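Enquirer: Just add 1196 to the spot in the sequence shown (first one is 1) and you have the numbering used here.
Here a beta-carbon is modelled for each residue, glycine too, at the ideal position from N, C-alpha and C.
Predicted model, so just to flag it, every value in this text is computed and none were measured.
I'd like to ask some things about the structure below.
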Amino acid sequence: MVALVGRPNAGKSTLLNRILGQKVSIVSAKPQTTRNRIVGILNEPRGQIAFLDTPGIHKPLHKLNVRMMDHVRSSLTEADVVALIVDATEPFGRGDQYAIDLLREAGKGKRFAILNKIDLLKKEKLLPLMQKYSDTELFDEIIPISASKGEGVGELLDALFKSVPEAEPRFSREDYTTQPERFFAAEIVREKVLQHTADELPYTTAVSVERWEEEEGKNLIKIYATIFVERESQKPIVIGKHAAMVKQIGTEARQELESILGAKVFLDLHVAVHERWREDERFLGELEWPLG
């Protein structure tokens, strides 16, 4: 088990998708995109590694954020290797120190510092940053990579396979994630909402799949989902003029789901208001499908 942790927008989900060669975790330019713990399973002839993609490390402001940080802490205690993903283009600050302190307090296994986005960094700035993380005396390995370009990812995997203990595979060799399909469908819809409305609604949307119907004879999946916002004034942003925005979100999500699920998809989207949903424990529990 390898936990991918780090500050928001460090590139954890991009790295996981790159490692697996397929999408299991949604990606957005906005921080705090990942809200749950996503399990991605890499199967190679040399073995199996389960990666835990976690929400960005931050100080929680809502019950939603508290749950997100609970996912981080539980992953730290479970993992054989904790990989701290760092945005190498950002100056070292208090948030980075907070992440280091969190790793120092928790976790029993080896620790890697993964310096990401080196394709955007001037080479003369990389060595001092590597030295900075070396000086913490916390990390067994410090590896520079570019998750988006794939640079250094092979070397990272080699180091991880050498570091994780040998054991029987925890998951089936055919699986690449433990997330149920309906959880993933909700995430794909939320990704499209983020892409099109994040400037106006950065953190205030949630997506719930209400019904999932499969018609095997027609190779058809019918998905009925609701996009939740926090205020009545936010509904028109998601719906758009003449419902153009919600149609675009639905079309893009449907097309991506069809390519992933290998079936025709009928996607029915509605927009509803749930004030203060980020503080509603019951609602937050309903959003979280059982996670491996």
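1) Tell me whether residue 1375 sits in a helix, a strand or coil according to DSSP, three-state version.
2) The beta strand (DSSP E) spanning residue 1422 covers which residue range?
3) Any idea if residue 1207 is buried or exposed, counting beta-carbon neighbours within 10 angstroms, 16 or more meaning buried?
4) For residue 1281, tell me which candidate among 1383, 1247 and 1202 has the shortest Cα-Cα distance.
5) Can you name the residues that DSSP bridges to residue 1239?
6) Whose C-alpha, out of 1461, 1413 and 1391, is nearest the C-alpha of residue 1421?
7) Roughly how many angstroms separate the alpha carbons of residue 1488 and residue 1329, rounded to a whole number?
8) Taking 9 Å as the cut-off, decide whether the C-beta atoms of residue 1434 and residue 1393 are in contact.
9) Below 9 Å between beta carbons: does that hold for residue 1349 and residue 1308?
10) Indicate the three-state DSSP secondary structure (helix, strand or coil) for residue 1405 in the structure shown.
11) So, are the CB atoms of residue 1480 and residue 1381 less than 9 Å apart?
12) Buried or exposed, going by whether 16 or more other CB atoms sit within 10 Å of the CB of residue 1385?
13) Using a threshold of 9 Å, state whether the C-beta atoms of residue 1341 and residue 1296 are closer than that.
14) Between 1326, 1441, 1265 and 1221, which lies nearest to residue 1302 when the distance is taken from Cα to Cα?
15) Let me confirm a value: residue 1230 is counted as buried when at least 16 other C-beta atoms fall within 10 Å, else exposed. Which label applies?
16) Taking Cβ to Cβ, would you say residue 1373 is nearer than 9 Å to residue 1245?
17) Rounded to whole angstroms, what's the CA-CA distance from residue 1284 to residue 1250? Just pull it up for me.
Expert: Looking at the atomic coordinates:
1) coil
2) 1416-1425
3) buried
4) 1202
5) 1244
6) 1461
7) Note on residue 1488: pLDDT 34, under 50, position unreliable in the model; the coordinate value appears next. Their backbone Cα atoms lie some 31 Å apart in a straight line.
8) yes
9) no
10) strand
11) no
12) buried
13) no
14) 1265
15) Confidence at residue 1230 is low in this model, with a pLDDT of 49, below 50, so its placement is unreliable and no value can be given for it.
16) no
17) 19 Å
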